[in-house]
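**Student:**
Numbering (the numbering used here), first residue to last: 291 to 577.
1. State the CB to CB distance for the pair residue 481 and residue 448, rounded to an integer number of angstroms; the pair is presumed to be in contact (CB under 8 angstroms).
2. Can you tell me whether residue 509 is buried or exposed? The criterion is at least 16 other CB atoms within 10 Å of its CB, across all chains shown.
3. Note down the Cα distance separating residue 412 from residue 456, rounded to an integer number of angstroms.
4. Which of the three DSSP states, helix, strand or coil, is assigned to residue 421?
5. From which residue to which residue does the beta strand (DSSP E) around residue 534 run?
6. If I measure Cβ to Cβ from residue 489 and keep anything under 7 angstroms in the same chain, skipping five residues before and after, which residues do I get?
7. Jot down the residue ranges of each uninterrupted alpha helix (DSSP H) in the stretch 339-426, minimum 4 residues, whole runs only, in chain order.
8. Note down the Cα distance separating residue 369 from residue 336, rounded to an integer number of angstroms.
9. Considering just the uninterrupted stretch of the alpha helix (DSSP H) at residue 485, what are its terminal residues?
10. Here's the rule: buried if 16 or more other CB atoms are within 10 angstroms of the residue's CB, otherwise exposed. What is residue 382?
11. Keeping to the same chain, check which residues put their C-beta closer than 7 angstroms to that of residue 544; ignore five residues upstream and five downstream.
12. Rounded to whole angstroms, how far is the Cβ of residue 522 from the Cβ of residue 511, which I believe are closer than 8 angstroms?
13. Which same chain residues end up closer than 6 angstroms to residue 371 when comparing Cβ atoms and leaving out the 5 residues on each side of it in sequence?
14. Check for me: the alpha helix (DSSP H) holding residue 496 runs from which residue to which?
15. Along the chain, where does the beta strand (DSSP E) that runs through residue 443 open and close?
16. Which first and last residues belong to the beta strand (DSSP E) in which residue 550 is found?
17. Just confirm the distance between the C-beta atoms of residue 360 and residue 558, as a whole number of angstroms; I'd bet it's less than 8 angstroms.
18. Assuming residue 331 and residue 575 form a contact by the criterion Cβ under 8 angstroms, report the distance between their Cβ atoms to the nearest whole angstrom.
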């Protein structure tokens, strides 16, 4: 079993499934973020996360071909710090990374992509245009992060009736915070719940064990309906909190992050999900 997963992940990487686009530093005035802090201090940072499911594969019935333009316009209008992306093609993430860079001059913007796995081939799932299809993150960290790490992987449990095998993805700026995303199984609530538990009980703790215990912010389409049975609260470990769009999209945070507000924003029929914009306070640094 371990060998099969290893071969599958190797094919995924070799096929160009992941993208760490650029760490961009631009000149000009700092846009709303304090500089890197000494390790002996704590700072409460305002962080706004925008969760989007763009349905942009070109395959699903919700595809309109207009959601990427709508997402770019929303990023320009709202100027979030983190954008978590589901149901996107790899090129979409680069486009939205450039958009965020334009709105956040003098900030470092990191962009990452993780392809879903096609069960039929063991390789990256593909959009209709041939690009890898999956999930992405566009994140603005401090103006001069010393290091940004990326990690992502396939879930060990999948719905075997669905050819799309689901994945998770995280970016971490050392001494700042982790930004993560996922798109859980849409065909089985029990599998979605198992994937959610794996992410929060296993993957996230492992990331923090390797990279440091900075706070974690997760945006994603969990496919666990708010108020349903099960819902996202069923997989939250002690110390975690969440908010949602009253449907399937959620923002989940660890201790050290406070949810201040949330807004559900219409995407005007360009995709089958609204946007979820959540304002957070993230406490970074060590006492």
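For glycine and all other residues, C-beta sits at the position ideal for the given N, C-alpha and C.
**Tutor:** Taking the geometry as given:
1. At roughly 7 angstroms, the Cβ-Cβ gap stays under 8 angstroms, so residue 481 and residue 448 are in contact.
2. When all chains shown are included, residue 509 counts as buried.
3. Here the alpha carbon of residue 412 sits roughly 12 angstroms from the alpha carbon of residue 456.
4. Residue 421: coil per DSSP, three-state reduction.
5. From DSSP, the beta strand (DSSP E) with residue 534 extends over 531-534.
6. Excluding positions up to five away in sequence, the list reads 458 and 472.
7. The stretch 339-426 contains these whole alpha helix (DSSP H) runs: 357-368 and 380-393.
8. Going from the Cα of residue 369 to the Cα of residue 336 covers about 12 angstroms.
9. First-last of the alpha helix (DSSP H) with residue 485: 479-488.
10. Residue 382 counts as buried, since at least 16 other C-beta atoms from the protein chains shown sit within 10 angstroms of its C-beta.
11. So the qualifying residues of the chain are 505, 506, 529 and 530.
12. Their Cβ separation, rounded to whole angstroms, is 11 angstroms, which puts residue 522 and residue 511 out of contact at 8 angstroms.
13. In its chain, beyond the 5 residues on either side, 337, 338 and 430 have a beta carbon closer than 6 angstroms to the beta carbon of residue 371.
14. Residues 494-501.
15. Run containing residue 443: 438-444, per the beta strand (DSSP E) assignment.
16. Unbroken beta strand (DSSP E) run through residue 550: 547-555.
17. Yes, residue 360 and residue 558 are in contact; Cβ-Cβ is about 7 angstroms, under 8 angstroms.
18. Indeed, because the Cβ distance is near 5 angstroms, the residues count as touching under 8 angstroms.
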